[in-house]
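K.L.:
Below you'll find the structure I mean.
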Amino acid sequence: MREFFVGDFALATKRDVREMQNAIDFLAQKGMVEYFPRQNFVRVKEKAIQIYRSQQKKTDYDNLKIHSVVDTATNATLNFAKRQMTIRGVENFNVSDSLNCTIFPDSATIVLLQNRDLKFNGRISAGNFEITGKDFTLKYDSFFINMKQIDSIGFFVTEKNRQGQTVRKRIDNSMQGADSARAATAGLDRVRSSGGTLYISRPNNKSGRLKTADYPRLDATNGGVIYFDRKEILNGTYDRSIFFMVPPFKLDSLNDADPAAINFEGTFVSNGMFPNFKEKLHTMPDKSLGFDHYVPGNGYQLFKGEGNFKGNIHLDKRGIRTNGKIDYLAAHVRSDDFLFYPDSVIGKGQRAYMLKEQFGNVIFPQASFPNYNMVWKPRKDELRLNTTTSDFNFYDSTAQLRGNLVVSKKGVSGDGTLKTRGTELFSKEMNFVSDQF
10 MREFFVGDFA LATKRDVREM QNAIDFLAQK GMVEYFPRQN FVRVKEKAIQ IYRSQQKKTD
70 YDNLKIHSVV DTATNATLNF AKRQMTIRGV ENFNVSDSLN CTIFPDSATI VLLQNRDLKF
130 NGRISAGNFE ITGKDFTLKY DSFFINMKQI DSIGFFVTEK NRQGQTVRKR IDNSMQGADS
190 ARAATAGLDR VRSSGGTLYI SRPNNKSGRL KTADYPRLDA TNGGVIYFDR KEILNGTYDR
250 SIFFMVPPFK LDSLNDADPA AINFEGTFVS NGMFPNFKEK LHTMPDKSLG FDHYVPGNGY
310 QLFKGEGNFK GNIHLDKRGI RTNGKIDYLA AHVRSDDFLF YPDSVIGKGQ RAYMLKEQFG
370 NVIFPQASFP NYNMVWKPRK DELRLNTTTS DFNFYDSTAQ LRGNLVVSKK GVSGDGTLKT
430 RGTELFSKEM NFVSDQF
């Protein structure tokens, strides 16, 4: 019923006519109805129908509230020429409570455009993602945010604390905007400044009354780069020459708290530590972004030099670690836990050996190393092995060394105590060649 006389409506609802007239007059002041007092006639406006249907969850409705709180400056400035309003004192606001999308403007300032569009710089919290950048525009009718420059994307997962409560935990890595230099290093095409689009929900679901599991959605048109230089990752050992390059990607279900939902195909770049390789970066058990990578059959060249590695590569908060075998000149070193630094590798193990082989003008001796600690510094041409619980054996076990050994392109040197054929000697400088020392 869109039109009626107040008297008829009062009779039908068994209400007092004067009480009904006061109610109708209030609705008219709010723009809900047209009221004609002389005829005591009412015509219901579309606005009232819309509000009623919204309250009944039968149609979509706006759920946007922006509060401006300032001490001294003006709350807002209206520019008639540009047809926009600058609003200050906006610490944050929800695009929609139920859609879990909140905007935190830089300098607490936003610009209101026509048709309720908004421009701002700052941070967007959307589900379990946090996007920071500049030149963002909320297109309200279409219900998405156009992000011209994404500076970083942070990730969150949920977990249980000691009290059994579900809490959000930030993953230690974040994605940064891609640039052409990083893309070229990773073997990708030239990229523009990183940007993208955040689809908050369907345009007909601004209220969030419909549960859409695939929203919010992120479309990163230029990809991004993930660094491992935070202090939480091996105490900040790695700089930004080591990174994971992600090509353009799309993610949906940003509200999904499952850590497995956060994963990216891309290219790992280690500044020559290994060759660049493709892998899927995903959430590790320690809540960092990392991977487990199986090295193909021929192995990887290490530090762009003579070293070669065969085995598996693992990355998490504990750093870049491998299990397998490192071959350097005539030395072959096995370990379940090599730790890679930008300029060196450390490890310990129960089996390493050296073959009698010639490299350049140097013939290396045969030797075996049952237990060892290792520090390899490729740029200094120095692979150092130290004895632990067992001596090192040389020349088919006719000589045993307890101490330190250095393998380099110049040959093999060492220091410590050497036993051979009933003789024991100590020296701070020994040299081992193919069949003598």
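Going by my numbering, the first residue of the sequence shown is number 10, and it counts up by one from there. Beta carbons: idealized from backbone N, C-alpha and C, even for Gly.
#1: What's the call for residue 367, buried or exposed, on a 16-neighbour Cβ count within 10 Å?
#2: Would you grab the beta carbon distance between residue 302 and residue 271 for me? Rounded to a whole angstrom, and I think it's under 8 Å.
#3: Would you kindly report the start and end of the unbroken alpha helix (DSSP H) that includes residue 254?
#4: Could you spell out the range, first to last residue, of the beta strand (DSSP E) harbouring residue 382?
#5: Which of the three DSSP states, helix, strand or coil, is assigned to residue 44?
#6: Once the 5 residues before and after residue 315 are set aside, which same chain residues still bring their CB inside 7 Å of it?
#7: Run through the segment 343-406 for me and flag every whole beta strand (DSSP E) of 3 or more residues, listed as ranges in chain order.
#8: Name the DSSP bridge partner or partners of residue 61?
#9: Can you list, in chain order, the residues of its chain with a C-beta nearer than 8 Å to that of residue 151? Leave out the 5 residues immediately preceding and following it.
#10: Please classify residue 24: does DSSP put it in a helix, a strand, or coil?
#11: Out of curiosity, what's the CA-to-CA distance linking residue 47 and residue 113?
#12: Hey, quick one: how far does the beta strand (DSSP E) through residue 230 stretch, first residue to last?
#13: From residue 427 to residue 304, what does the alpha carbon distance come to, in whole angstroms?
#14: Let me check one thing: in DSSP terms, what residues is residue 341 bridge-paired to?
#15: When we look at the beta-carbon of residue 432 and count the other beta-carbons within 10 Å, is it buried (16 or more) or exposed?
#16: Ends of the beta strand (DSSP E) at residue 246?
#17: Which residue spans inside the segment 260-306 form an unbroken alpha helix (DSSP H) run of at least 4?
#18: Taking the straight line between their C-alpha atoms, what separation do you get for residue 422 and residue 397?
#19: Label residue 200 either buried or exposed according to how many other C-beta atoms from any shown protein chain fall within 10 Å of its C-beta, with 16 as the threshold for buried.
#20: Count Cβ pairs between the segment 131-142 and the segment 156-175 that sit closer than 8 Å; are there 3 or more?
#21: Given a cut-off of 8 Å, decide if residue 79 and residue 97 are closer than it, judged by their beta-carbon atoms.
#22: Classify residue 12: buried if its beta carbon has 16 or more other beta carbons within 10 angstroms, exposed otherwise.
#23: With a Cβ-Cβ cutoff of 8 Å, do residue 326 and residue 181 count as a contact?
#24: Span of the beta strand (DSSP E) holding residue 177?
#25: In the structure shown, what three-state DSSP assignment does residue 425 receive?
#26: Looking at the secondary structure, which residues open and close the beta strand (DSSP E) in which residue 440 lies?
#27: In whole angstroms, what is the alpha-carbon distance linking residue 310 and residue 392?
#28: When we look at the beta-carbon of residue 284 and count the other beta-carbons within 10 Å, is it buried (16 or more) or exposed?
#29: Quick check: what's the CA-CA separation for residue 385 versus residue 354?
#30: DSSP on residue 161, reduced to helix/strand/coil?
#31: Taking residue 381 and residue 358 to be in contact with their CB atoms under 8 Å, please state how far apart those CB atoms are, rounded to whole angstroms.
#32: Classify residue 55 as helix, strand or coil using the three-state DSSP reduction.
#33: To the nearest angstrom, how far is the alpha carbon of residue 273 from that of residue 75?
P.N.:
Quick answer:
#1: exposed
#2: 18 Å between Cβ atoms; not a contact.
#3: First-last for residue 254: 252-255, but that is the beta strand (DSSP E), not the alpha helix (DSSP H).
#4: 381-386
#5: Three-state result, residue 44: strand.
#6: Excluding sequence neighbours, residue 315 sits near 337 and 338.
#7: 354-358, 360-363, 376-378, 381-386, 391-396 and 401-403
#8: BP columns for residue 61 are empty, so no partner.
#9: 212
#10: coil
#11: 51 Å
#12: Taken as a continuous stretch (DSSP letters only), residue 230 belongs to no beta strand (DSSP E), as it is neither H nor E.
#13: Straight-line spacing of the CA atoms in residue 427 and residue 304 works out to 38 Å.
#14: Paired residue(s): 336 and 362.
#15: Classification of residue 432: exposed, given that the 10 Å Cβ count is below 16.
#16: Run containing residue 246: none; DSSP gives neither H nor E here.
#17: none
#18: 18 Å
#19: Any reading at residue 200 needs caution, since the residue's pLDDT is 49, under 50, leaving its predicted position unreliable; the model's value is listed next. Under this definition residue 200 is a buried residue.
#20: yes
#21: yes
#22: exposed
#23: yes
#24: 175-186
#25: strand
#26: 432-441
#27: When rounded, the distance between both Cα atoms is 16 Å.
#28: exposed
#29: 5 Å
#30: Three-state result, residue 161: strand.
#31: Here residue 381 really is in contact with residue 358; their C-beta atoms are around 6 Å apart, less than 8 Å.
#32: helix
#33: 35 Å
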